[in-house]
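A.B. asks:
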Amino acid sequence: MRGVKPGRFDYVRADSVDEVHAVLAEEGDDARVLAGGQTLVPMLSMRMARPRVLLDVMHLPELATIEDADGTLRIRAGVRQAVLLKWPILAKRQPLLAAMLPWIGHPQTRSRGTVCGSIAHADPSAELPLALLALNGTVELSSRAGRRRIPAVEFFIGIMSTACRADELIEAVAVPSRLPGQGFGFREYGRRHGDFAIVACAAVAAARGVRIAVAGVADRPIAKDYPALEGGALDDALDQLARSIDVRSDLHASADYRRRLVRHLGKAAVTEAYQCRA
Amino acid sequence: MPRLTADAKHRVSFTLNGRRVEGQAEPRMLLSDFLRHAIGATGTHVGCEHGVCGACTVVIDGAPARACLTLAVQADGADIRTVEGLAPELGRLSILQQAFRRNHALQCGFCTSGILMSLDCYLRANPDPDEPSLREYLSGHLCRCTGYVSIIAAALDAARQLLEAREHA
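Taken in order, these protein sequences are the chains called A and R. Counted from 1, the first sequence has number 242 at position 170 by the numbering used here; the numbering is strictly sequential. Counted from 1, the second sequence has number 162 at position 115 by the numbering used here; the numbering is strictly sequential.
1) Taking 7 Å as the CB-CB cut-off, is residue 92(R) touching chain A?
2) Could you pull out every residue in the same chain whose Cβ sits closer than 6 Å to the Cβ of residue 159(R), ignoring the five residues on either side in sequence?
3) Provide the residue(s) that pair with residue 287(A) in DSSP beta bridges, ordered along the chain.
4) Take the Cβ of residue 190(A) as the centre, count every other Cβ of all protein chains shown within 10 Å, and call the residue buried at 16 or more, exposed below.
5) Have a look at residue 110(A) and residue 151(R) and give me their C-alpha separation to the nearest angstrom.
6) Which residues mark the beginning and the end of the beta strand (DSSP E) in which residue 256(A) is found?
7) Any idea if residue 118(A) is buried or exposed, counting beta-carbon neighbours within 10 angstroms, 16 or more meaning buried?
8) Would residue 238(A) be called buried (16 or more neighbouring beta carbons within 10 Å of its own) or exposed?
9) Which value, in whole angstroms, describes the spacing of the CA atoms of residue 162(A) and residue 110(R)?
10) Taking the beta carbon of residue 277(A) as the centre, do at least 16 other beta carbons fall within 10 Å, making it buried, or is it exposed?
11) What does the alpha-carbon distance come out to for the pair residue 116(R) and residue 271(A)?
12) Establish whether the CB of residue 312(A) and some CB of chain R are separated by less than 7 Å.
13) Please check if any C-beta of chain R sits within less than 7 Å of the C-beta of residue 81(A).
14) By the 8 Å beta-carbon criterion, what residues does the region 139-158 of chain A contribute toward chain R?
15) For residue 213(A), which of 139(A), 307(A), 246(A), 201(A) has the nearest alpha-carbon?
16) What residue range is occupied by the uninterrupted alpha helix (DSSP H) comprising residue 93(A)?
17) If residue 186(A) sits next to residue 149(A), beta carbons under 8 Å apart, how far is it from one beta carbon to the other, in whole angstroms?
18) Does DSSP put residue 227(A) in a helix, a strand or coil?
19) At what residues does the alpha helix (DSSP H) containing residue 45(A) begin and finish?
20) Going by beta-carbon coordinates alone, are residue 275(A) and residue 171(A) separated by less than 7 Å?
21) Specify, as a first and last residue, the run of the beta strand (DSSP E) that residue 215(A) falls within.
22) Could you check the C-alpha separation between residue 140(A) and residue 255(A) for me, to the nearest Å?
23) Do residue 84(A) and residue 127(A) have their CB atoms nearer than 7 Å?
24) Can you list the residues of chain R that residue 87(A) reaches, using a CB-CB cut of under 8 Å?
25) The beta strand (DSSP E) that contains residue 71(R), what's its start and end?
26) Would you report the Cα separation of residue 80(R) and residue 103(R), rounded to the nearest angstrom?
27) Looking only at its chain, what residues have a beta carbon closer than 6 Å to the beta carbon of residue 162(R), apart from the 5 residues adjacent to it on each side?
28) Assuming residue 180(A) and residue 148(R) are in contact, meaning their beta carbons sit under 8 Å apart, how far apart are those beta carbons, in whole angstroms?
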């Protein structure tokens, strides 16, 4: 056949979440959930992924919702990044997501890519896993066997690997809405806008302290909580954070350069987070 | 929905530039290849084939998207617009296309159809854009000829013309 790149797979456009669970239960590792496809499709084309069946979950209206209740935002599997970015009250409910979403890819990929898809892919440089960890969010997994919620810190377990089992669907991610007195900061450095970050830092400041999260330095995003940090204490904390991580070196940046970025971007993100507390 | 099996071809149909089209595709066929090989709409160009260069950008259900990051079977039932749909009639270019010609916003033209589709969407939603936002918006497109200066000039020129056309309408 002319002009095909991926290997062969069956395609199922799921009509219900039950159907998704049934196919995943039967096919396990041979099945992959297809949402926006902005990472999975190129992996298919490069034959880095060779599933036997793709399960398209983008025609399920019940998965396309953003729920805003009880101080939690629940973003379900079918919500595209562009849809969340355009949600009129996003900046009010969760300013960190509003600040980070424009850094994900390009308008031409955010139009299709989903929030949960990026979480599923778990690229160590990606913004959404960093946001989920910085905000102490949870991942909601469902399968024929039931439903479980896993905190972000336990979900990301290595480069592009997560605690999601082969029979499970990432049905939603949940993050707390902004609380009064919280402030948020975000900084990222990449070679070009829309590239994967070389290093990205997010900070969440509250009365009792500040949480700093970094992406692009290790095999997964990393976060740490500190009591209130100012001046020299902030520099020392960032220096220790940069030294404590097993920082990777690759053709984009050396480990030493990445550590410098953690100190520099971390300081800017924390400062911003303190400034917008109110 | 029944399972579309890997080794068979399946009917895929969608609206292309306002007209219903259909063709046959294996599940693994990309929308970019389907448009070019099954439909014969070769205005959409294929560059990097992994979503980086932007040459294959088309409009899917009103939003710009990479045809190479979409399977043809995913697009079944969708509304798709490509560069073939921009000109209002044979032999007459759209305002945006005319601005590209006037400003020399293309040399080899390989990236042009994708950029036109992105800008067509952008100018509909943002009729009075500024240069920084256009540059950020076009960061999802690579052009190796122009250095982008003339592309930005054409986009701003087209925005002015479109605003004027709207005022006179």
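The beta carbon of each residue, even a glycine, is placed where N, CA and C say it ideally should be. As the structure is a computational prediction, the values presented were derived from the model and not from experiment.
C.D. replies: The structure says:
1) For the purposes of this step, residue 92(R) is taken as residue 45 along the second sequence, with counting starting at 1. No, residue 92(R) does not count as interfacial toward chain A.
2) Taking the first residue of the second sequence as position 1, residue 159(R) is located at position 112. Hits under 6 Å: 153.
3) What you label residue 287(A) is simply residue 215 of the first sequence in a count that begins at 1. Beta-bridge pairing links residue 287(A) to 272(A).
4) In the first sequence, counting from the first residue as 1, residue 190(A) sits at position 118. With 16 or more other Cβ atoms within 10 Å, it is buried.
5) Taking the first residue of the first sequence as position 1, residue 110(A) is located at position 38. Taking the first residue of the second sequence as position 1, residue 151(R) is located at position 104. Rounded to the nearest angstrom, the two C-alpha atoms are 32 Å apart.
6) The residue given as residue 256(A) occupies position 184 in the first sequence. Here the beta strand (DSSP E) through residue 256(A) covers 255-261.
7) If you number the first sequence from 1, residue 118(A) lands on position 46. When all chains shown are included, residue 118(A) counts as exposed.
8) Along the first sequence, one-based indexing puts residue 238(A) at 166. Exposed, by the Cβ-count rule.
9) In the first sequence, the residue the question calls residue 162(A) occupies position 90. In the second sequence, the residue the question calls residue 110(R) occupies position 63. Their Cα atoms are separated by approximately 20 Å.
10) As a working mapping, residue 277(A) is identified with position 205 in the first sequence. Per the 10 Å Cβ criterion, buried.
11) Mapped onto the second sequence, residue 116(R) falls at position 69. Mapped onto the first sequence, residue 271(A) falls at position 199. Taking the straight line from one Cα to the other gives about 26 Å.
12) Against the first sequence, residue 312(A) aligns to sequence position 240. With 7 Å as the cut-off, residue 312(A) does not count as an interface residue toward chain R.
13) Along the first sequence, one-based indexing puts residue 81(A) at 9. Yes, residue 81(A) counts as interfacial toward chain R.
14) 154
15) Looking up residue 213(A) in the first sequence gives position 141. It is 246(A) whose Cα lies nearest to the Cα of residue 213(A).
16) By one-based count along the first sequence, residue 93(A) stands at place 21. The continuous alpha helix (DSSP H) containing residue 93(A) extends over residues 89-99.
17) Residue 186(A) sits at position 114 when you count from the first residue of the first sequence. Residue 149(A) sits at position 77 when you count from the first residue of the first sequence. For a cut-off of 8 Å, the C-beta gap from residue 186(A) to residue 149(A) is around 7 Å, short enough to register as a contact.
18) Taking the first sequence and counting its residues from 1, the one referred to as residue 227(A) is at position 155. If DSSP states are grouped into helix, strand and coil, residue 227(A) belongs with the helices.
19) Residue coverage of chain A in this structure runs from 73 to 350, which leaves residue 45(A) outside it and unanswerable.
20) Here residue 275(A) refers to the residue found at position 203 of the first sequence. Here residue 171(A) refers to the residue found at position 99 of the first sequence. Contact: no.
21) What you label residue 215(A) is simply residue 143 of the first sequence in a count that begins at 1. Taken as a continuous stretch (DSSP letters only), the beta strand (DSSP E) holding residue 215(A) covers 210-215.
22) Here residue 140(A) is taken as the residue at index 68 of the first sequence, counted from 1. Here residue 255(A) is taken as the residue at index 183 of the first sequence, counted from 1. Each residue's Cα considered, the two are about 20 Å apart.
23) As a position in the first sequence, residue 84(A) is number 12, starting the count at 1. As a position in the first sequence, residue 127(A) is number 55, starting the count at 1. Between residue 84(A) and residue 127(A), the gap from beta carbon to beta carbon is short of 7 Å.
24) Residue mapping note: residue 87(A) aligns to position 15 of the first sequence, counting from 1. Here the neighbours are 48.
25) Looking up residue 71(R) in the second sequence gives position 24. 66-72 is the span of the beta strand (DSSP E), which, as asked, contains residue 71(R).
26) Sequence index remark: in the second sequence, residue 80(R) carries index 33 (1-based). Sequence index remark: in the second sequence, residue 103(R) carries index 56 (1-based). So the two alpha carbons sit approximately 10 Å from each other.
27) By 1-based counting over the second sequence, the position of residue 162(R) is 115. For residue 162(R), where only same-chain residues beyond five positions count, the Cβ hits under 6 Å are 188.
28) Your numbering for residue 180(A) matches position 108 in the first sequence. Your numbering for residue 148(R) matches position 101 in the second sequence. About 23 Å separates the two Cβ atoms, so there is no contact after all.
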